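Chemist: Could you have a look at this structure, given as structure tokens, before my questions?
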Amino acid sequence: MSKPINPPISEAESRVMEQLWKRAPQGSEDLVAALHADTGWHENTVRTLLNRLIRKRAVRAERDGRRFLYSPVLTREAWQSAESRSLLDRVFGGRVAPLLVHFTRNEKLGAKDIAELRKLVDQLEKKERRHD
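This is how it looks when you write it as structure tokens:
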């Protein structure tokens, strides 16, 4: 089985992907309507972004009569993983701890966030003990 493709997706392209992850397949007219409401983008802009995403193999187009229906090939999870890895590598030297330190010092963490972090650390410690 071949490795999934994780092409670099621009911020504008990610807006199109978000719409497709919410609901697919969609015709370009539906995408244009949804994106125009949020961004003010016109049909040509959306079609250009769709064509880029097709070339990157992040989206596929299937003919449906006289129109095309667009569906994501790239999953949200694969995209998030690639983007997260890129951020870690570029900004934090590939390490998670400095990222967490940054957010705990510079962002307001609520009780729910802290509880989730504690749970994650507990799970990591248990996993580490099993491997020792």
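Its first residue numbered 255, the sequence shown is counted upward by one per residue in the numbering used here.
The beta-carbon is built from N, C-alpha and C at its ideal position, and this holds for glycine as well.
Just so we're clear, the structure is a prediction, and the values are computed from it rather than from any experiment.
Quick check on Asp-284: does DSSP put it in helix, strand or coil?
Modeler: On the sequence shown, residue 284 is found 30 positions in, with the first residue counted as 1. If DSSP states are grouped into helix, strand and coil, Asp-284 belongs with the helices.
Chemist: Would the stretch 271 to 284 and the stretch 317 to 325 be scored as touching if the rule is three or more Cβ pairs under 8 Å?
Modeler: At 8 Å Cβ cutoff, the stretches touch.
Chemist: Report yes if the C-beta distance between Val-300 and Val-327 is below 8 Å; otherwise report no.
Modeler: What you label residue 300 is simply residue 46 of the sequence shown in a count that begins at 1. What you label residue 327 is simply residue 73 of the sequence shown in a count that begins at 1. Cβ distance not < 8 Å, so Val-300 and Val-327 don't count as in contact.
Chemist: Please report the residue range of the beta strand (DSSP E) in which Ser-264 lies.
Modeler: Taking the first residue of the sequence shown as position 1, residue 264 is located at position 10. No beta strand (DSSP E) holds Ser-264; DSSP gives it neither H nor E.
Chemist: By Cβ distance, which residues of its chain are closer than 6 Å to Trp-295, with the 5 residues on each side in sequence left out?
Modeler: By one-based count along the sequence shown, residue 295 stands at place 41. Excluding residues within five positions, the ones whose Cβ falls inside 6 Å are Leu-289.
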